[in-house]
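> I am attaching a structure below and will ask some questions about it afterwards.
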Amino acid sequence: MRAALYVRVSTEDQAKEGFSLDAQTKRLEAYCRHKQYEVSDIYRDEGCSGRDIDRPEYKRMMKDHEKWDVLVVVRLDRIHRNSVNFALMMDDLRRKNKEFCSTEDKFDTSTAMGRFAMDMMQRIAQLESELIGERVKIGMTRKAKHGTGNMGSGHPFGYVYERGSLIIVEYEAEVVRDIYSMHSEGMSLRSIADELNNSFVSPKKSGKWTHQSVSKILQNPIYAGYIKWDGIVRKGEHEAIINQDIFEAINGPIG
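Residue numbering for the sequence shown follows our numbering, beginning at 42 and increasing consecutively.
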């Protein structure tokens, strides 16, 4: 069996005895000799956090998956310190028919007990992910009900988030006002999108304006100074871009 050996130290780990990359490598090489594994390659990430998957050697190893059959680490925390990331990695390995082994934790997916332990860890990670999602939704809903904070994902066109608050981006706000103005003059959504594209006005994300993206701006109460979250609409703390009367003339009363 071909083995990929992965070793990692963070900045804090480098000061601890026995945590060096060389020390981990020696343990893994000895384990492979005992198991009669062929070492395919050794992947060494130095000064990298286990909570971050954006590690050069980790990414190279996963890209090289066709070169090895089993991924071997000294301890589970060498590969991931986040249970959700670990579960995602294990799903990826399972799809690719790869095995995983942590020598000190006695965690080996080539055994029945190892597969059982893996299933339990993935269930715990899934529970943790769902609980985090529930807490986030409860917090956002509470903010919406009390009219505090600004709801939404990313940076809505016309605004940018700064320290948790929505701040108007003036040149984008002018585009928003033009969209409402063109609509009030009777232009169709597709015609408005064409006009913006022909004027080389770029949307927030890459690509071109569409009738759907125009419609979202016309229907979003954020531009009238309101926030909407999970069906709850409340007055926001940010500055409106268009008058509430203009918004309600298109969409009806807010809330």
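Note that beta-carbon positions come from the ideal geometry of N, C-alpha and C, so glycine has one too.
Skipping 5 residues on each side, what residues in its chain have a beta carbon closer than 6 Å to that of Val216?
Non-local C-beta neighbours of Val216 in its own chain, meaning closer than 6 Å and more than five positions away in sequence, comprise Val242, ordered along the chain.
> Find out if the Cβ-Cβ distance for the pair Ile282, Glu289 is shorter than 8 Å.
Against a cut-off of 8 Å, the Cβ pair of Glu289 and Ile282 comes out as no contact.
> Are Lys249 and Asn239 close, meaning C-beta to C-beta below 8 Å?
No; because the gap between Cβ atoms is not below 8 Å, this pair is not in contact.
> Based on the DSSP output, what are the partners of Cys89 in its beta bridges?
Cys89 pairs with nothing; no bridge assigned.
> Going along the chain, which unbroken runs of the alpha helix (DSSP H) with 4 or more residues stay wholly within the region 211-241?
211-225, 230-239, all fully within the region 211-241.
> Quick check: what's the CA-CA separation for Ile258 versus Gly227?
The alpha-carbon atoms of Ile258 and Gly227 are separated by roughly 16 Å.
> Measuring alpha carbon to alpha carbon, tell me which of Ala158, Glu107, Ser254 ends up nearest Ala234.
Closest in C-alpha terms to Ala234, from the list Ala158, Glu107, Ser254, comes Ser254.
> Between the Cα of Ser232 and those of Ser256, Ala214, Val210, spot the shortest distance and give me the residue it belongs to.
Among Ser256, Ala214, Val210, the Cα nearest to that of Ser232 is on Ser256.
> If I'm right that Asp133 touches Met42 with Cβ under 8 Å, what's the distance once you round it to whole angstroms?
Not quite, the Cβ-Cβ distance comes to about 19 Å (not below 8 Å), so this is no contact.
> So for Ala44, helix, strand or coil by DSSP?
strand
> Where do the N-terminal and C-terminal ends of the alpha helix (DSSP H) with Ser256 fall, by residue?
252-260
> Do the CB positions of Tyr212 and His279 come within less than 8 Å of each other?
no
> Drop a sphere of 10 angstroms on the beta-carbon of His75, count the other beta-carbons inside from all chains shown, and report buried for 16 or more, exposed for fewer.
Exposed, because fewer than 16 other Cβ atoms sit within 10 Å of the Cβ of His75.
> Can you name, in chain order, every residue of its own chain whose Cβ lies under 6 Å from the Cβ of Thr150, other than the five neighbours on each side?
Glu140, Phe141, Arg156, Met159
> Near Ile94, which residues of its chain fall below 6 Å by C-beta distance, leaving aside the five closest residues on each side in sequence?
Asn126
> Quick one: using the 10 Å Cβ neighbour count with 16 as the cut-off for buried, is Val71 buried or exposed?
Position check: residue 71 holds Ala in this sequence, whereas Val was assumed. With fewer than 16 Cβ atoms within 10 Å of its Cβ, Ala71 is classed as exposed.
> May I ask which residues mark the beginning and end of the beta strand (DSSP E) holding Val9?
Residue coverage of the chain in this structure runs from 42 to 296, which leaves residue 9 outside it and unanswerable.
> Can you check whether the CB of Gly277 is closer than 8 Å to the CB of Tyr267?
yes
> DSSP three-state label for Lys67, please.
helix
> Output the boundary residues of the beta strand (DSSP E) element that contains Phe141.
140-143
> Determine the closest residue to Asp7 out of Ser61, Lys104, Cys89, Gly91, with distance taken between C-alpha atoms.
No answer is possible for residue 7: it lies beyond the span of the chain, which begins at 42 and ends at 296.
> Closest to Asn138 by CA distance: which of Gln77, Ile220, Glu107 is it?
Glu107
> Three-state secondary structure (DSSP) at Tyr78?
coil
> Taking the CB atoms as reference points, tell me whether Arg119 and Cys89 lie closer together than 8 Å.
no
> Opposite Lys276 in the DSSP bridges: which residues?
Tyr267
> Out of curiosity, what's the CA-to-CA distance linking His196 and Tyr202?
6 Å
> Rounding to the nearest angstrom, what Cα-Cα distance links Leu46 and Lys246 in this structure?
Approximately 40 Å between the Cα atoms of the pair.
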